[in-house]
Amino acid sequence: MMEKSDVVVKLRQIANDLLMIADSFDEKKKPISLEEVRKFLADLSRNGKTSEVRQLLLKHGASKLTEVDPDKYEALLDDARKIENGS
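According to my numbering, the stretch in the sequence shown is residues 3 to 89, in order.
This is the structure:
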């Protein structure tokens, strides 16, 4: 049978582990870079989706990728993934 002090130590270890797990959920997502978006859209374009890529850029308020607001990169990639998946 465990001593009370051993139980307290073990419970503290468990609590610390739970806090670390909870903190990992709170971390902000790494921002999507221009290079990531450019690579994905270039791959789509090479696969015959150039027209769709142009439409995506227009949808997100730009005629070329460098004009897209970085805050819209995630939404742009989401839309591009839908095209890639045929949705």
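For glycine and all other residues, C-beta sits at the position ideal for the given N, C-alpha and C.
Small disclaimer: the values here were computed from a predicted structure and weren't measured.
Take the alpha-carbon of serine 65 and the one of leucine 59: they are about 6 angstroms apart.
Secondary structure of asparagine 18 (DSSP, three-state): helix. In the three-state DSSP reduction, serine 35 falls in the coil class, being neither helix nor strand. Around the beta-carbon of valine 70, 16 or more other beta-carbon atoms lie within 10 Å, marking it buried.
Classified as exposed, alanine 17 has fewer than 16 neighbouring CB atoms from the shown chains inside 10 Å of its CB. Two segments are said to touch when three or more pairs of C-beta atoms, one from each, lie closer than 8 angstroms; by this definition the stretch 43–57 touches the stretch 78–87.
Ranked by how close their Cα comes to the Cα of glutamate 38, the residues Thr68, Ser7 and Lys61 have Thr68 in first place.
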